[in-house]
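Novice: Quick one: this structure, given as structure tokens, is what I'll be asking you about.
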Amino acid sequence: MSKLVGFAAIQGGYNIVSKVEGLYRRALETYDASTKVGFPNTAYYLPVIYSLLGIKVETLEDMKKPLEFARGLLPPHIKGVNHLPYLGPLLDAGMAALFAFEIREALRYLEEPDFYLHSEEPDLEAGKIWLGAADDTVFRKRGVEFVDGTAPGFAAVVGAAPDTETAKLIVEEYQKRSLYIFLAAGHNGTDVTHQLLEAGVQIGWNTRIVPFGPDISSAIFALGFANRAAMAFGGIQPGDYKRILLYNKNRIYAFVNALGEVGTEWAAAAAGAINWGFPTLADTDIPEVLPTGICTYEHVVANVPHSELVQRSVEVRGLKVTVSSIDIPCSFGPAYEGERVRGTDLFAQTGGGKAQCTELVKMAEMNEIEDGKIEVIGPDIDKLKEGDSFPLGIYVQVAGREFQTDFEPIIERQIHHLINYIQGVMHIGQRDISWIRISKAAVEKGFRLKDIGVVLHAKFHQDFQKIIDKVQVTLYTKKADVDKLTKRARAEYRTRDERVEKMRDEDVEIYYSCTLCQSFAPSHVCTVSPERTGLCGAYNWMDCKASYEINPTGPNQPIVKGECLDPILGQWKGVNEFVTKASRGNVTHYNFYSVVKDPMTTCGCCECIAAVLPSCNGVMTVNREYIGDTPCGMKFTTLAGVMGGGQSSPGFVGHSKFNITQRKFIKGDGGLLRMVWMPKMLKEEIKDRLVKRTEELGHPDFYDMIADETVGTTEEEILPFLQKVGHPALSMDPIISE
Ligand code: SF4
Ligand code: ZN
Numbered sequence: 000m001s002k003l004v005g006f007a008a009i010q011g012g013y014n015i016v017s018k019v020e021g022l023y024r025r026a027l028e029t030y031d032a033s034t035k036v037g038f039p040n041t042a043y044y045l046p047v048i049y050s051l052l053g054i055k056v057e058t059l060e061d062m063k064k065p066l067e068f069a070r071g072l073l074p075p076h077i078k079g080v081n082h083l084p085y086l087g088p089l090l091d092a093g094m095a096a097l098f099a100f101e102i103r104e105a106l107r108y109l110e111e112p113d114f115y116l117h118s119e120e121p122d123l124e125a126g127k128i129w130l131g132a133a134d135d136t137v138f139r140k141r142g143v144e145f146v147d148g149t150a151p152g153f154a155a156v157v158g159a160a161p162d163t164e165t166a167k168l169i170v171e172e173y174q175k176r177s178l179y180i181f182l183a184a185g186h187n188g189t190d191v192t193h194q195l196l197e198a199g200v201q202i203g204w205n206t207r208i209v210p211f212g213p214d215i216s217s218a219i220f221a222l223g224f225a226n227r228a229a230m231a232f233g234g235i236q237p238g239d240y241k242r243i244l245l246y247n248k249n250r251i252y253a254f255v256n257a258l259g260e261v262g263t264e265w266a267a268a269a270a271g272a273i274n275w276g277f278p279t280l281a282d283t284d285i286p287e288v289l290p291t292g293i294c295t296y297e298h299v300v301a302n303v304p305h306s307e308l309v310q311r312s313v314e315v316r317g318l319k320v321t322v323s324s325i326d327i328p329c330s331f332g333p334a335y336e337g338e339r340v341r342g343t344d345l346f347a348q349t350g351g352g353k354a355q356c357t358e359l360v361k362m363a364e365m366n367e368i369e370d371g372k373i374e375v376i377g378p379d380i381d382k383l384k385e386g387d388s389f390p391l392g393i394y395v396q397v398a399g400r401e402f403q404t405d406f407e408p409i410i411e412r413q414i415h416h417l418i419n420y421i422q423g424v425m426h427i428g429q430r431d432i433s434w435i436r437i438s439k440a441a442v443e444k445g446f447r448l449k450d451i452g453v454v455l456h457a458k459f460h461q462d463f464q465k466i467i468d469k470v471q472v473t474l475y476t477k478k479a480d481v482d483k484l485t486k487r488a489r490a491e492y493r494t495r496d497e498r499v500e501k502m503r504d505e506d507v508e509i510y511y512s513c514t515l516c517q518s519f520a521p522s523h524v525c526t527v528s529p530e531r532t533g534l535c536g537a538y539n540w541m542d543c544k545a546s547y548e549i550n551p552t553g554p555n556q557p558i559v560k561g562e563c564l565d566p567i568l569g570q571w572k573g574v575n576e577f578v579t580k581a582s583r584g585n586v587t588h589y590n591f592y593s594v595v596k597d598p599m600t601t602c603g604c605c606e607c608i609a610a611v612l613p614s615c616n617g618v619m620t621v622n623r624e625y626i627g628d629t630p631c632g633m634k635f636t637t638l639a640g641v642m643g644g645g646q647s648s649p650g651f652v653g654h655s656k657f658n659i660t661q662r663k664f665i666k667g668d669g670g671l672l673r674m675v676w677m678p679k680m681l682k683e684e685i686k687d688r689l690v691k692r693t694e695e696l697g698h699p700d701f702y703d704m705i706a707d708e709t710v711g712t713t714e715e716e717i718l719p720f721l722q723k724v725g726h727p728a729l730s731m732d733p734i735i736s737e
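This is the structure:
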């Protein structure tokens with residue numbers, strides 16, 4: 000912490016207390032000590048003093064005690080050396096100044112009863128613009144908004160902006176965020192209140208812009224308001240200063256913006272506000288108080304450009320932006336999640352084998368992206384004809400102080416259900432195999448690609464408040480851009496997948512459930528272990544762990560695997576118990592490492608589906624992108640339709656691409672060497688890993704032994720090939736034992 004700001008604040012504390020002591024003495028010379036004092040129509044006396052010290056100031060005489068208390072709080076002046084640690088003295092000096100401010104304002108009410116207008120709005124014709132303390136009627140009406148969340152907090156703006164336009168811009172940005180703007184003090188002969196009036200902005204409690212008073216001491220009305228909320232709505236007893244201050248820190252998102260030079264009095268006020276957890280952001284070069292301690296993040300931040308003041312303030316205070324309405328032309332909500340877009344309703348689509356559709360969520364630095372920025376690069380839907388396919392890349396950048404790259408896959412996986420929430424739009428799959436179908440009805444209502452960005456921005460803020468502060472969405476529709484994004488995304492997916500590479504199921508006691516897909520497949524429960532990633536390919540053990548950290552009551556719960564019932568097939572007591580409960584009794588047990596015997600349940604988002612081929616004594620698998628026939632007699636879509644309802648279907652199982660080369664893949668059925676057929680594209684996609692894994696299994700030449708559609712698409716067609724190459728599956732135990 001800077002020595003200078005400490006010095007200024009402590010100096011300010013002394014000045015203010017001395018000045019108010021002087022005013023008090025003068026008042027005692029003019030008025031009788033028993034003269035009534037106080038703010039208009041309130042049961043909270045001088046609310047800061049009452050709430051923090053428990054002292055009821057009703058008469059001039061009563062002011063003596065709190066004033067003495069303020070004097071006693073003043074710390075010794077800072078000497079040249081050994082000034083550490085002195086956040087404590089600094090806070091005390093600030094607090095002393097604030098007690099003195101409140102007495103100063105009460106004296107003004109006594110001496111100049113008409114100084115403040117007792118009203119909710121200024122009377123411009125009479126030239127009365129300063130509203131002073133809110134009375135209890137206003138307080139009740141407005142204070143409740145701080146409690147029910149309609150107003151997250153307030154910005155106390157002191158001083159003046161360099162010009163009226165800047166003042167207007169800053170205040171309007173706060174209004175957009177539903178904050179109250181409390182105005183006090185001026186700078187260079189003007190103040191934000193006058194600047195707003197000049198710019199034609201309506202002010203008053205109704206527009207949430209409240210001009211308290213022309214002096215810095217009138218900023219105390221903001222804190223008095225906050226403390227009354229703690230007493231009235233938080234049920235905290237007057238005098239319980241710790242809880243009053245904590246209530247404010249945790250519940251009222253407030254901060255100070257100092258516009259103009261910060262003199263000693265402002266510095267003292269800023270120091271005082273730190274006690275509430277309210278940081279100060281200044282546009283001038285004052286020494287900063289950056290280490291976090293009392294405020295959620297920094298205490299005093301200097302030199303903030305006006306264009307960034309609002310965003311920085313909101314960030315520093317840790318205020319989470321909630322976007323309450325989702326402004327798109329279609330209806331939106333979980334009700335539309337299961338809705339299909341069938342052939343006759345279809346206007347256009349992306350993905351699903353027709354054109355590339357890729358999704359990627361990446362973390363960004365806070366200053367790298369702009370919250371709410373949504374860009375469509377390339378032609379939008381209105382440039383398409385009915386029946387068209389188009390490439391799409393959905394690139395979401397998120398930033399947050401608490402955000403970690405580990406969270407990227409979790410956020411990315413939400414895109415699926417969120418797009419499905421849009422009426423008339425259907426989303427299947429994830430990562431680079433997404434498929435979006437847009438209905439004619441949606442397009443007629445005005446749906447455009449930008450709306451995907453609107454939805455993601457709003458919902459990510461709503462659902463991940465704790466970790467996300469900014470969301471920027473870019474939608475690419477030019478093929479070259481989509482291909483570029485896809486290439487990058489694939490490298491990202493690989494890195495994510497490989498994070499669990501070295502882990503073994505035996506090494507952990509905890510697996511994670513995933514029930515994200517239950518809205519489509521009600522009895523479906525994925526259990527994700529290090530060596531069995533989620534069948535959608537989007538969630539591995541690490542991801543589920545991170546997801547649980549973000550949302551402990553969410554869809555990814557830890558499962559203590561418990562007693563091992565079958566090490567070969569992969570079955571655990573703890574998992575069975577969990578699955579029974581989570582499937583509401585529909586599924587009582589399953590095996591992790593088998594397709595033949597009671598395999599894990601499958602939902603419609605699996606990347607691949609494996610099937611037993613009895614005459615080949617082996618197993619085949621097919622990926623979603625492959626649209627041709629397969630030796631099991633069914634195409635992927637048919638398989639997904641039959642198997643994807645959340646049941647355990649012996650002989651078939653959904654799995655991720657990555658899982659094919661994980662050590663435990665169908666180990667209970669003989670492992671990867673059982674694989675007799677795969678589409679060529681899938682084989683090629685995972686070639687490196689496949690070769691590496693089969694080398695480990697003692698078959699370096701295995702890659703070429705796996706048949707694909709160029710060999711045949713029926714068991715009869717591929718069997719001679721398998722025999723010719725001497726496929727190891729043919730000499731294994733019968734895959735189906737009686
Ligand atoms: Fe979760 Fe499984 Fe659905 Fe993937 S497929 S989101 S792991 S339930
Ligand atoms: Zn699913």
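In terms of numbering that gives the first Met the number 0, the sequence shown opens at residue 0 and continues consecutively.
Using N, Cα and C, we set each Cβ at its ideal position, and we do this for glycine too.
1) Below 8 Å on the Cβ atoms is my contact criterion, and I expect Ala26 with Leu59 to pass it. Report the Cβ-Cβ distance as a whole number of Å.
2) Leaving out the 5 sequence neighbours to the left and right, which residues in its chain are closer than 7 Å to Asp773 when beta-carbon positions are compared?
3) Which word fits Glu738, buried or exposed, when buried means at least 16 other C-beta atoms lie within 10 angstroms of its C-beta?
4) Please determine, among Arg493, Thr136, Gly561 and Thr552, the residue with the shortest C-alpha to C-alpha distance to Asn658.
5) Kindly examine the ligand SF4 and report whether one of its heavy atoms sits closer than 7 Å to the Cβ of Thr349.
6) Is Val776 near Leu130, with beta carbons less than 8 Å apart?
7) Return the chain-ordered list of same chain residues with a C-beta closer than 8 Å to the C-beta of Glu336, the five sequence neighbours on each side being excluded.
8) So with Cβ pairs under 8 Å, would you call Ile437 a contact of chain C?
9) To test your reading of the DSSP string, which unbroken alpha helix (DSSP H) runs of 4 or more residues are found completely within the stretch 456 to 497?
10) Is the beta carbon of Tyr44 sitting closer than 8 Å to the one on Gly37?
11) When you compare the stretch 167 to 175 with the stretch 138 to 151, are there three or more beta-carbon pairs, one atom per stretch, that lie closer than 8 Å?
12) Can you tell me whether Asn590 is helix, strand or coil according to DSSP?
13) Helix, strand or coil for Ala281? Go by DSSP, reduced to three states.
14) Is Leu318 a contact residue of the ligand SF4, with contact defined as CB to any heavy atom under 7 Å?
15) So Val313 and Arg412 are supposed to be a Cβ contact under 8 Å. How far apart are they, rounded?
16) Where in the stretch 662 to 732 do unbroken runs of the beta strand (DSSP E), each at least 3 residues long, occur, reported from the N-terminal end onward?
17) Any chance the CB of Ala537 is under 7 Å from a heavy atom of the ligand SF4?
18) With DSSP as the reference, please indicate the residues paired to Met362 in a beta bridge.
19) Looking at the secondary structure, which residues open and close the beta strand (DSSP E) in which Arg436 lies?
20) For Leu762, verify whether its CB is less than 7 Å away from any heavy atom of the ligand SF4.
21) Note down, in chain order, each residue of its chain lying with its Cβ closer than 7 Å to the Cβ of Lys615, except the 5 sequence neighbours on either side.
22) Tell me the residue span of the alpha helix (DSSP H) that contains Ala229.
23) Give every residue of the same chain whose Cβ lies closer than 7 Å to the Cβ of Pro84, excluding the five residues on either side of it in the sequence, and list them in chain order.
24) Rounded to the nearest angstrom, how far is the Cβ of Leu738 from that of Thr601, given a contact under 8 Å?
25) Since Lys663 and Asp504 are thought to touch, with beta carbons under 8 Å apart, how far apart are those beta carbons, to the nearest angstrom?
26) Less than 8 Å between the C-beta atoms of Asp269 and Thr283, yes or no?
27) I'd like the span of the beta strand (DSSP E) that includes Asp565, first residue to last.
28) Does the distance from the CB of Ser50 to the CB of Asn205 come in under 8 Å?
29) Count the other CB atoms, across all protein chains shown, that sit within 10 Å of the CB of Val742; report buried if there are 16 or more and exposed otherwise.
30) Leaving out five residues before and five after Met680 in sequence, what residues of the same chain have Cβ atoms less than 8 Å from its Cβ?
31) With a threshold of 16 other CB atoms inside 10 Å of the CB of Gln403, please say whether the residue is buried or exposed.
32) Let me check one thing: in DSSP terms, what residues is Ala253 bridge-paired to?
33) Got a sec: does the ligand SF4 put a non-hydrogen atom nearer than 7 Å to the Cβ of Thr514?
34) Beta carbon of Cys525: closer than 7 Å to some heavy atom of the ligand SF4?
35) Is Pro333 helix, strand or coil when you go by DSSP?
36) Out of curiosity, what's the CA-to-CA distance linking Arg447 and Tyr475?
Specialist: Taking the definition as stated:
1) What you label residue 26 is simply residue 27 of the sequence shown in a count that begins at 1. What you label residue 59 is simply residue 60 of the sequence shown in a count that begins at 1. With a Cβ gap of about 6 Å, Ala26 and Leu59 count as contacting.
2) The chain is shown from 0 up to 737; residue 773 falls before or after that span and cannot be answered.
3) Residue 738 lies beyond the stretch modelled for the chain, which goes from 0 to 737, so this question has no answer here.
4) Numbered from its first residue, the sequence shown carries residue 658 at position 659. Just measuring C-alpha positions, the residue of Arg493, Thr136, Gly561 and Thr552 sitting nearest Asn658 is Arg493.
5) Within the sequence shown, the letter at position 350 stands for residue 349. No, the beta carbon of Thr349 sits no closer than 7 Å to any heavy atom of the ligand SF4.
6) With the chain covering 0 to 737 only, the question about residue 776 has no answer from this structure.
7) The count along the sequence shown starts at 1 and reaches residue 336 at position 337. Cβ neighbours of Glu336 beyond the five flanking positions: His416, Asn419, Tyr420, Ser518 and Phe519.
8) Of the chains in the structure shown, none is chain C; there is only one protein chain.
9) Here the runs fully enclosed are 478 to 497.
10) Counting from one through the sequence shown, the residue named residue 44 turns up at place 45. Counting from one through the sequence shown, the residue named residue 37 turns up at place 38. Closer than 8 Å, so yes.
11) Because the criterion of three Cβ pairs below 8 Å is not met, the stretch 167 to 175 and the stretch 138 to 151 do not touch.
12) By one-based count along the sequence shown, residue 590 stands at place 591. Reduced to three states, the DSSP call for Asn590 is strand.
13) Your numbering for residue 281 matches position 282 in the sequence shown. Look at Ala281 here: in three-state DSSP terms it is strand.
14) As a first step, residue 318 is located in the sequence shown; it is residue number 319 there, counting from the start. A distance criterion of 7 Å places the beta-carbon of Leu318 beyond contact range of the ligand SF4, judged by its closest non-hydrogen atom.
15) Walking along the sequence shown from the start, residue 313 turns up at place 314. Walking along the sequence shown from the start, residue 412 turns up at place 413. That pair is no contact at about 27 Å.
16) Scanning the stretch 662 to 732 for uninterrupted beta strand (DSSP E) segments of 3 residues or longer gives 674 to 676, listed from N- to C-terminal end.
17) Counting from one through the sequence shown, the residue named residue 537 turns up at place 538. For the ligand SF4, at least one heavy atom lies less than 7 Å from the Cβ of Ala537.
18) On the sequence shown, residue 362 is found 363 positions in, with the first residue counted as 1. DSSP output for Met362 lists Val397 as bridge partner(s).
19) The residue you call residue 436 lines up with position 437 of the sequence shown. Trp434 to Ser438 is the span of the beta strand (DSSP E), which, as asked, contains Arg436.
20) The structure shown does not extend to residue 762, since the chain spans only 0 to 737, so no value can be given for it.
21) Position 616 of the sequence shown holds residue 615. The sequence as given places Cys at residue 615; Lys does not occur at that position. Once the five neighbours on either side are set aside, the close Cβ partners of Cys615 are Val675, Glu714, Ile717, Leu718, Leu721 and Ala728.
22) For the purposes of this step, residue 229 is identified with residue 230 of the sequence shown, where counting begins at 1. Boundaries of the alpha helix (DSSP H) harbouring Ala229: Ile219 to Ala231, taken from the DSSP string.
23) Indexing the sequence shown from 1 puts residue 84 at position 85. Below a pLDDT of 50, predicted positions are generally treated as unreliable, and Pro84, at 48, falls in that range; the measurement from the model is reported next regardless. For Pro84, where only same-chain residues beyond five positions count, there are no Cβ hits under 7 Å.
24) The chain is shown from 0 up to 737; residue 738 falls before or after that span and cannot be answered.
25) As a position in the sequence shown, residue 663 is number 664, starting the count at 1. As a position in the sequence shown, residue 504 is number 505, starting the count at 1. About 6 Å separates the CB atoms of Lys663 and Asp504; that is less than 8 Å, so the two are in contact.
26) To locate residue 269, count along the sequence shown from 1; it is residue 270. To locate residue 283, count along the sequence shown from 1; it is residue 284. The sequence shown places Ala at residue 269, rather than the Asp named in the question. At a Cβ-Cβ threshold of 8 Å, Ala269 and Thr283 do not count as neighbours.
27) Numbered from 1 along the sequence shown, position 566 holds the residue referred to as residue 565. Residues Cys563 to Asp565.
28) One-based indexing of the sequence shown puts residue 50 at position 51. One-based indexing of the sequence shown puts residue 205 at position 206. Taking the C-beta atoms as reference points, Asn205 is found no nearer than 8 Å to Ser50.
29) With the chain covering 0 to 737 only, the question about residue 742 has no answer from this structure.
30) Position 681 of the sequence shown holds residue 680. Excluding sequence neighbours, Met680 sits near Asn622, Glu624 and Tyr625.
31) Numbered from 1 along the sequence shown, position 404 holds the residue referred to as residue 403. Within 10 angstroms of the beta-carbon of Gln403 lie fewer than 16 other beta-carbons, which makes it exposed.
32) Taking the sequence shown and counting its residues from 1, the one referred to as residue 253 is at position 254. For Ala253, which the question treats as bridged, DSSP gives the partners Phe153.
33) Taking the sequence shown and counting its residues from 1, the one referred to as residue 514 is at position 515. In terms of side-chain proximity, the C-beta atom of Thr514 is found nearer than 7 Å to a non-hydrogen atom of the ligand SF4.
34) As a working note, residue 525 is residue 526 in the sequence shown. Annotation for Cys525 indicates a beta carbon within 7 Å of some heavy atom of the ligand SF4.
35) Counting from one through the sequence shown, the residue named residue 333 turns up at place 334. The answer is helix: DSSP assigns Pro333 an H, G or I state.
36) Your numbering for residue 447 matches position 448 in the sequence shown. Your numbering for residue 475 matches position 476 in the sequence shown. C-alpha separation (whole angstroms): 13 Å.
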